[in-house]
Amino acid sequence: MPVSKRLRYEILRRDNHTCRYCGAAAPAVPLRIDHVVPLALGGTDTADNLVTSCEPCNNGKSSSTVGADLVADVAEDAMRWAAAMQRAADNLLEQEKPKQEYRQAFLAQWNAWGRGEGPARQTFPLPAGWKASIERFRIAGLPSWVWEAIVDTSMGYDSVKAENKFKYCCGIAWKQIHALHAEARAHLAPAAVNLTEAGATGDVDALAVETALLLWGQEWASLLPGPTPEHEAEFRTTAHEALALGRTPGELVQSAEYGAWFATADARQAIQHHEDQKTFIDQYVAHSVFEYAWHFSHGEAPPKEVLDALWANCTQLYEAGAHPIPVILAAAAAGLGDTADLYAGLSAEQRDVLGARPTLLHAEEVWAYAWKHASPDFAWPSSEERSRLRAGLEELRQHGGYNTLDVFAAALKAGSAHQTVLAVPDPQESANGTASPVRLPPEFAPGGSLARMPAADQADPRSTGDTRACAPASSD
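Going by this note's numbering, the sequence shown opens with residue 2, and the numbers climb by one from there.
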């Protein structure tokens, strides 16, 4: 029986998303769920026989057995995990107790009213969703002892029909909640006064500091004891320091809650935590999209060195201020094209950050796709073959003046023949019209289905009259 998705998730979480064989962790390597004792050798699908394994370790282990130490270690982990799950279940039960007690407090007041006497007595009906409504009132902060007066008021009005009694109770309860919220806001009057005064002065920085302080304080109070006046003073001081160092008011306000989440009253650290989290998420999304595209194109996960190169390229772009969307799209195109080089859809400035030369990369892509389609097993060229091709393309770029379509046509012919040397006509011969023109199939031509989408600022050489594939060494 296959391992369920739920059990896979629990094993990954138990092992902290780390390979139990070599210690590698995501996102550096793809992770799998492995049987310590293989099924072929009598292993089971239970948690005490399952571990997190990186793909290289999983492929290398195959159906061989592992050491007794690891088996015992996994069994011990499984026992600890079972105990932890039991504690989690107990905690969940503890969390349910306040809900049950609050609901019972309401029911006690509701069932105190009824119609008839003795065995014939009937309580008033409750609608199907009454439990969810009562829970909303509990979350909103309505005390349970208030229900006695609310239910008595509702039941005391004979003009309210029996089927509407609960709805009438809800109306009274919401009025009580609004009154409680108004009183709570009064307790926040000092912070509100500071915020109002900052807005009245027109000082944007002061307004941002007070707004961030209010957000940080509310989040802190919901998670931790306090905050104390000393905490508030530290946050206000460090917030002004962050603005003085060039941080924007928007950055300060957006990161305020991160200070509470990481238990710090230093606004500068809160901003850094926010940026670290955002950068990691952006990089991880691009990394995951690239890995999926590569797997779709190759039928297997990308090698670790390719993932590392992709991660480094994404890091460079994000550090240079690139927006996540073009980076993610470029990563998807790169994964489909058997390369970690990013350039599809990037601006000229972003390509310069990576040192990418789009014309050469597109020629390499044409060559690689032709190579793959000419292979009986649809195999991509090896890294060594790519290195030899890139050396030839760089030599063409250094020479300069070659016709773009001539280079693409030569790349197509070389890839189809599984060659790494491009036979590009001499620029002078092309200019004199003595070279034999070679037309690219539509799918390989610039803008075709196998071509990268050019960036907005990348002109089509056919429309501009610039037919040079490789300018002198100072440019692409």
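Glycine included, each C-beta is placed from N, C-alpha and C at the ideal position.
Top-ranked residue by Cα proximity to residue i, from the options
{"i": "Asn59", "options": "Arg14, Asp46, His36", "result": "His36"}
{"i": "Gly115", "options": "Ser54, Thr124, Glu102, Phe107", "result": "Thr124"}
{"i": "Gln110", "options": "Leu94, Gly24, Trp148, Glu118", "result": "Trp148"}
{"i": "Gln163", "options": "Arg139, Val286, Trp131, Pro126", "result": "Strictly speaking, residue 163 in this sequence is Ala, with Gln absent from that position. Measuring from the Cα of Ala163, the nearest candidate turns out to be Pro126."}
{"i": "Ala341", "options": "Glu306, Lys414, Ala264", "result": "Glu306"}
{"i": "Ala411", "options": "Glu136, Ala349, Val422", "result": "Val422"}
{"i": "Tyr319", "options": "Glu276, Ala302, Tyr293", "result": "Glu276"}
{"i": "Arg237", "options": "Gln219, Gly218, Leu343, Leu214", "result": "Leu214"}
{"i": "Leu406", "options": "Ser155, His400, Val425, Arg391", "result": "Val425"}
{"i": "Lys132", "options": "Met156, Ala150, Glu118, Gln101", "result": "Gln101"}
{"i": "Ala141", "options": "Lys176, Leu311, Ala121", "result": "Lys176"}
{"i": "Thr316", "options": "Cys55, His288, His296", "result": "His288"}
{"i": "Asp427", "options": "His419, Arg389, Phe409, Tyr403", "result": "Tyr403"}
{"i": "Glu56", "options": "Pro39, Thr47, Ile34", "result": "Ile34"}
Whether residue i touches residue j by CB criterion (8 Å)
{"i": "Leu253", "j": "Leu246", "result": "no"}
{"i": "Val152", "j": "Cys171", "result": "no"}
{"i": "Ile178", "j": "Leu143", "result": "yes"}
{"i": "Leu32", "j": "Leu13", "result": "yes"}
{"i": "Glu366", "j": "Leu394", "result": "no"}
{"i": "Ala369", "j": "Pro359", "result": "no"}
{"i": "Ser417", "j": "Ala375", "result": "yes"}
{"i": "Ala357", "j": "Phe291", "result": "no"}
{"i": "Glu235", "j": "Asp206", "result": "no"}
{"i": "Ala345", "j": "Leu330", "result": "yes"}
{"i": "Ile272", "j": "Ser256", "result": "yes"}
{"i": "Gln351", "j": "Ala313", "result": "no"}
{"i": "Arg21", "j": "Thr45", "result": "no"}
{"i": "Ala302", "j": "Gly336", "result": "no"}
{"i": "Leu343", "j": "Ala371", "result": "no"}
{"i": "Tyr259", "j": "His241", "result": "no"}
{"i": "Pro327", "j": "Val286", "result": "no"}
{"i": "Ala209", "j": "Pro250", "result": "yes"}
{"i": "Leu308", "j": "Ala29", "result": "yes"}
Unbroken alpha helix (DSSP H) run spanning residue i, endpoints
{"i": "Ser417", "result": "405 to 417"}
{"i": "Val328", "result": "325 to 337"}
{"i": "Leu390", "result": "384 to 400"}
{"i": "Arg137", "result": "131 to 141"}
{"i": "Gln420", "result": "First-last for Gln420: undefined, no H or E at that position."}
{"i": "His18", "result": "Counting along the chain, His18 falls outside any alpha helix (DSSP H), and DSSP gives it neither H nor E."}
{"i": "Glu220", "result": "205 to 224"}
{"i": "Pro230", "result": "230 to 245"}
{"i": "Trp148", "result": "148 to 157"}
{"i": "Leu127", "result": "No alpha helix (DSSP H) contains Leu127, which DSSP labels as neither H nor E."}
{"i": "Pro377", "result": "Pro377 -> no alpha helix (DSSP H), and no H or E assigned at all."}
{"i": "Ser160", "result": "That residue, Ser160, is in no alpha helix (DSSP H); it is neither H nor E in DSSP."}
{"i": "Tyr259", "result": "250 to 262"}
{"i": "Val425", "result": "Segment: none, Val425 is in no alpha helix (DSSP H) and carries neither H nor E."}
Boundaries of the beta strand (DSSP E) in which residue i is found, first to last residue
{"i": "Asp309", "result": "Run containing Asp309: none in the beta strand (DSSP E); it sits in the alpha helix (DSSP H), 305 to 320."}
{"i": "Thr53", "result": "51 to 55"}
{"i": "Arg7", "result": "Taken as a continuous stretch (DSSP letters only), Arg7 belongs to no beta strand (DSSP E), being part of the alpha helix (DSSP H) at 6 to 15."}
Cross-strand partners of residue i (DSSP beta bridge)
{"i": "Ala371", "result": "For Ala371, which the question treats as bridged, DSSP gives no partner whatsoever."}
{"i": "Ile272", "result": "Answer by DSSP bridge pairing: none, since Ile272 is not bridged."}
{"i": "Gly36", "result": "The question names Gly, but residue 36 in the sequence shown is His. DSSP lists Leu51 as partners of His36."}
{"i": "Ala26", "result": "Thr19"}
{"i": "Arg116", "result": "Gln123"}
Supposed contact pair residue j and residue i - C-beta distance, whole angstroms, cut 8 Å
{"i": "Leu361", "j": "Arg398", "result": "6 Å"}
{"i": "Ala25", "j": "His18", "result": "About 10 Å; that fails the 8 Å criterion."}
{"i": "Glu220", "j": "Ala261", "result": "4 Å"}
{"i": "Ser134", "j": "Tyr103", "result": "Their Cβ separation, rounded to whole angstroms, is 12 Å, which puts Ser134 and Tyr103 out of contact at 8 Å."}
{"i": "Phe167", "j": "Pro128", "result": "6 Å"}
{"i": "Ala264", "j": "Leu225", "result": "6 Å"}
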